[in-house]
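Structure, as structure tokens:
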Amino acid sequence: MDAGLIAQYVMNGLMLGMMYALVAVGFTLFFGVLDVIKFSHGDVLTVGAFTALATFVGLSAAGIRSDLLLLPAMLVAAIAAMAALGMLIARCLVLPLRSAPALNTLLVTLMLGTALREAVRLFYPQGANPKPFPALLPAASIPLGQFNLRLDNSIMLAAGVGVIVGLQLLLNRTRLGLAIRAVAQDEETARTMGINFNAIVLVTFAIGSALAAFAGLMNGLYYNEINFGMGLLLGVIGFTAAIIGGLGSVYGAILGGFLFAALQTIGAVALPFGSAYKDVFAFAVVIVFMAWRPTGLIQEKISERV
Amino acid sequence: MAEADPQAAPRVAPKPRASLWPGVAALVVATAYLITLLAVERQQLIMGLLALAIVAFVAASWLGLLAPVIRSFAQRERALGALAILAVLAVAGYFREDHFVLLLLVTVLLYTVACLGLNIQFGYAGVLNFAGASFFGIGAYTSAVLNAHTVVPHLVVLLVGGLLAALIGSLLLLPVLRTRGHYAALVTIAFALLLKTFLEVNDVLGGPQGLQVRGMQVLGWSFNDNISIGGIELSFYMSYLALSMLLLVGAFILVLRLERSWIGLNLDAMRLDETAASCFGLNPARWKITAFTLGNFLIGIAGALFGMVGGFVAPNNYTFADSLILVSILLLGGIGSPWGVAVATVIVVVVPEKLQTIQEYRFLLYALLVIVVLLFRPEGLLPRPVRRYFPGWRQ
Amino acid sequence: MTKTPLLQARGLTKRFGGVVALGDFNVDVHPGEILGLIGPNGSGKTTFFNVVTGIYGIDAGKIAFDGADITGASPQAVYHAGIARTFQRSRLSLPLSIFDNIMIGNHKRLDQGLWFNLMRRKAFRRQFDESYRASRALVEVFEPRLADKLFEPVGNLPMIDRRRIEICRALINEPKLLLLDEPSAGMTHDETSELMNDILQVRDKHNRLTIVLVEHEMGVIERITDRCVVLNFGRKIAEGRYREVAADRQVQEAYLGAAA
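Printed below as a string of structure tokens:
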């Protein structure tokens, strides 16, 4: 196959990997600070994407046409709204269930995800149908030999990298990040050191949800379409990626995201009828991997004391 | 205390056995209510009836009327179980010519069997299965394929459906047996999503339109023909209802015996504290796979029969959302409680069918309801009681 | 007369990252004796129990029990060999009844087959009756008030009664070796005395019962144990009768800090 096609696949894989990584990081952060699997995360991504779309529709109707204004507005709206939603979820559903068995939190968030998904389907105008998403990034492309490097995808990739780097800086270089890592490691000690546990949890959920909103927006811009079920599979893949990398490790989540995208790409290329079965292939490989190395590439944190 | 002769019966004054009557009264009220609800058509009346039920339940609970009923059922289980079967037959008899209602009843019965299977996995063993509807669908597709292309007797087809679901389930669970709970959750969710895609993509299995399923025939008796006995006409669904009832009674007895045995104890011990249970000789992997397989066997059989009842199968009926409905039934009824499962199934299946206005919203409503239950009454409607190995036995 | 030790550990080492939880630990436990295992918090006592019962793997060393090598054996295998234990932080199944919890300990004596449990209900009934009598008898030793309440959920009981039930769970299958991890935590002096007397009473009934006892109350150690082993930072620093060990300077420093 020619270099152009390979480059195409690589680009696609990178974009997918980026989106998966963003979702996976959310899962890993939630598990890190609270030992919870928040299954509604994928659906928060969906709501984020729809918030962006609604912002676009609203602002366009108000007469604003400039892409330079619309895109940042959508970004800010989606991120702010999802951060708020994430905090609300933490405050009302996750924190109150801390003393209940972990299963209950998993179930509650799973049901919440369904509720969010159904709410979009039922209450967003024509929510049951896929909705076109505007192309707001420059559509030009730079020819590089046999491959056309699209400007919009490159911008998104760069932005994604920026977000991930920013997150790493936040976690490793700021006091807030230090507090988050402290709580993730040992809640009791963190509390005795004066860290406001509840506040940190809320902030962590806000960050994770904001990342999901960003990923949702990226998804919309990349496919030029969104639908109410988009978060379901993305959430499952994001969770899988977080597990591959080892729950609790941010590096692992990022790694896992790109690995899963790579597996999908390999599946699409190598198998006959590849595109239909790429997901099955990728999951099958992951399941075998989990049997071999249940704690992931980077050790999942063990919180049980005997 | 002097050295007691271990062979002598413990010297405790026996409490009188709970009376049969509270249970009987509850059954009579429930039967009358159900018949009324199923017979009524006007939406306002139905809403009124539902509101009445909620108010009555809350009032009964507040007035302390529920406890004697629960005690009655707990200690006089055999008699009340038999009466419950009669009650179902009474409801069926009342609607003997009504295809719609009988189909609804059969659906309730088969969903209950499936949820009893799910209960073994979820409620007893603590193995998360978010693909319950998928295994139900595997059973249904088995009926479709075998009935159309082979001469396997239809009762055997039911068994094959169960075995296939059990087999696929164990293959799915094996890799994640030694990992923590959320891995099983992930694997089953992924399976639920991917199976639907797989079915839609494969035209051999009918693609998105699905397949037709030939009706059941046992020894020349065709289940799809209406029945007339003497001067009485019966809907053909009666045959299916009788078979479903048999299946449910069998499944119910199985689940009750399982819970009231050392196996039930092992499952609970493993679910509650795997490490401690291991230190007392329990092998968690063995029991997880046993529970998962047994549960899927029940789900598969129920699905196989359901396929024949409905007459067709399609991927859209066995989605992840449907699996979540099954899980909702379990959580609403009271996880680990077979009677709770039965009651919750009736509620979850019948209400949206009667209250057409909420049909569209049922996924949303049940999701919200479960959230409320988990936050405020996680034990569910009929909480699971402490294990009594022999109902009515006292120390 | 030298008897072969029931439990023999040689060179046991267990590390967690950079921390040596057990370092080159050797100990012999003789049949029929009560061995005290003492040391400051974090000295490796529970780690030793976890290593013997197979919950933790070992980095180095060997363990032999009753003539057989159990190094690296699974917790299930260790249980079947005849070792039972209690846990430092009580690990009972709270929603289950007292009887259920005790029966968990009786696993190897109960028929676990599907056919037996689902179909042979009369035989199951006989096994149930037997088990009920046995648990009742055991509970009567430790807390007679509970004997009529065997089907109460354990979660309703006060902490002290839970600890007693946990010991019953360990004793029900008549193990050869009993590992007790701070059984009297949270009890008053009198309750502790009573508990120890009850344990001795059970022990007298089948005198093959060997016990390793982790305790913080030194009075108990002095009264009950035949010998002691003292751990500090994962290493054995003293061994012998309690009086000798208590007088040992290293031991005193370990507990109280180095003398000025």
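Heads up: the protein sequence lines correspond to chains A, B and C, in order. Going left to right, the first sequence walks through residues 0 to 305 as numbering that gives the first Met the number 0 numbers them. Going left to right, the second sequence walks through residues 0 to 394 as numbering that gives the first Met the number 0 numbers them. Going left to right, the third sequence walks through residues 0 to 259 as numbering that gives the first Met the number 0 numbers them. Ideal Cβ placement from N, Cα and C applies to all residues, glycine included.
Asked: Roughly how many whole angstroms lie between the Cα atoms of residue 183 of chain B and residue 230 of chain A?; Found: 20 Å
Asked: Using only CA atoms, which one of C:38, C:103, C:20 lies nearest to residue 236 of chain C?; Found: C:38
Asked: Mapping DSSP to helix, strand and coil, what is residue 74 of chain A?; Found: helix
Asked: By the DSSP assignment, the alpha helix (DSSP H) with residue 8 of chain C in it spans what residues?; Found: First-last for residue 8 of chain C: 6-15, but that is the beta strand (DSSP E), not the alpha helix (DSSP H).
Asked: Going along chain B in order, which residues have a C-beta closer than 7 Å to the C-beta of residue 92 of chain C?; Found: 267, 268, 271, 272
Asked: With distance defined between alpha-carbon atoms, name the residue in C:24, C:159, C:79 nearest to residue 281 of chain B.; Found: C:79
Asked: List the residues of chain A whose Cβ lies closer than 8 Å to the Cβ of residue 198 of chain B, in chain order.; Found: Ordered by position in chain A, no residue passes the 8 Å Cβ test against residue 198 of chain B, which lies about 12 Å from the chain.
Asked: At a CB distance below 9 Å, what residues from the stretch 31-57 of chain C approach chain B? Give them in sequence order.; Found: 52, 53, 54
Asked: Would residue 341 of chain B and residue 329 of chain B be called neighbours here (beta carbons separated by less than 9 Å)?; Found: no
Asked: Determine the closest residue to residue 211 of chain A out of A:220, A:20, A:64, with distance taken between C-alpha atoms.; Found: A:20
Asked: Using the three-state DSSP reduction, which class does residue 24 of chain C fall into: helix, strand or coil?; Found: strand
Asked: Taking a Cβ distance cut-off of 9 Å, strictly less, list which residues of the stretch 200-218 of chain A are near chain B, in chain order.; Found: none
Asked: Are residue 36 of chain A and residue 136 of chain A closer than 9 Å when you measure CB to CB?; Found: no
Asked: Can you find at least 3 beta carbon pairs, one from the stretch 17-28 of chain B and one from the stretch 55-73 of chain B, that sit closer than 8 Å?; Found: yes
Asked: What is the DSSP secondary structure of residue 193 of chain C, reduced to helix, strand or coil?; Found: helix
Asked: How many Å lie between residue 73 of chain A and residue 27 of chain A at the Cα?; Found: 26 Å
Asked: Any beta-carbon of chain B closer than 9 Å to the one on residue 11 of chain A?; Found: no
Asked: For residue 302 of chain B versus residue 138 of chain B, is the C-beta spacing smaller than 9 Å?; Found: yes
Asked: Using only alpha-carbon positions, find the residue among C:28, C:53, C:13 that is nearest to residue 263 of chain C.; Found: Nothing about residue 263 of chain C can be read from this structure; chain C reaches only from 0 to 259.
Asked: Of all Cβ atoms in chain B, is any one closer than 9 Å to the Cβ of residue 113 of chain A?; Found: yes
Asked: Check whether the Cβ of residue 282 of chain B lies closer than 9 Å to any Cβ atom in chain C.; Found: yes
Asked: Which chain A residues are close to residue 383 of chain B, counting only those with a beta carbon under 7 Å from its beta carbon?; Found: Near residue 383 of chain B there are no residues of chain A at all, since even the closest Cβ is about 14 Å away, more than 7 Å.
Asked: Is any beta-carbon of chain B found at less than 9 Å from that of residue 205 of chain C?; Found: no
Asked: Across the stretch 234-251 of chain A and the stretch 37-46 of chain A, are there enough close Cβ pairs to call them in contact, namely three or more that are closer than 8 Å?; Found: yes
Asked: Residue 392 of chain B by DSSP, collapsed to three states: which one?; Found: coil
Asked: For residue 215 of chain B, collect the residues of the same chain with a Cβ closer than 6 Å to its Cβ; drop the 5 residues on either side in sequence, then sort them by chain order.; Found: 153, 222, 307
Asked: Which term fits residue 269 of chain A, buried or exposed, when burial requires 16 or more other beta carbons within 10 angstroms of its beta carbon?; Found: exposed
Asked: Rounded to the nearest angstrom, what separates residue 75 of chain C and residue 49 of chain C at their Cα positions?; Found: 13 Å
Asked: Using a C-beta cutoff of 9 Å, does residue 293 of chain A count as contacting chain B?; Found: yes
Asked: Measure from the C-beta of residue 336 of chain B to each C-beta in chain C and report whether the shortest distance is under 9 Å.; Found: no
Asked: List the residues of chain B whose Cβ lies closer than 9 Å to the Cβ of residue 239 of chain A, in chain order.; Found: 185, 189
Asked: To the nearest angstrom, report how far apart residue 177 of chain A and residue 252 of chain A are at their CA atoms.; Found: 19 Å
Asked: Taking the straight line between their C-alpha atoms, what separation do you get for residue 16 of chain C and residue 233 of chain C?; Found: 14 Å
Asked: Check the Cβ of residue 75 of chain B against every Cβ in chain C and list those closer than 8 Å, keeping chain order.; Found: Residues of chain C passing the Cβ test: none, with the nearest at roughly 18 Å.
Asked: Report the residues of the stretch 231-259 of chain B with a CB closer than 8 Å to any CB of chain C, ordered along the chain.; Found: 253, 256, 257
Asked: List, in order along the chain, the chain B residues whose C-beta lies closer than 8 Å to that of residue 152 of chain C?; Found: 385
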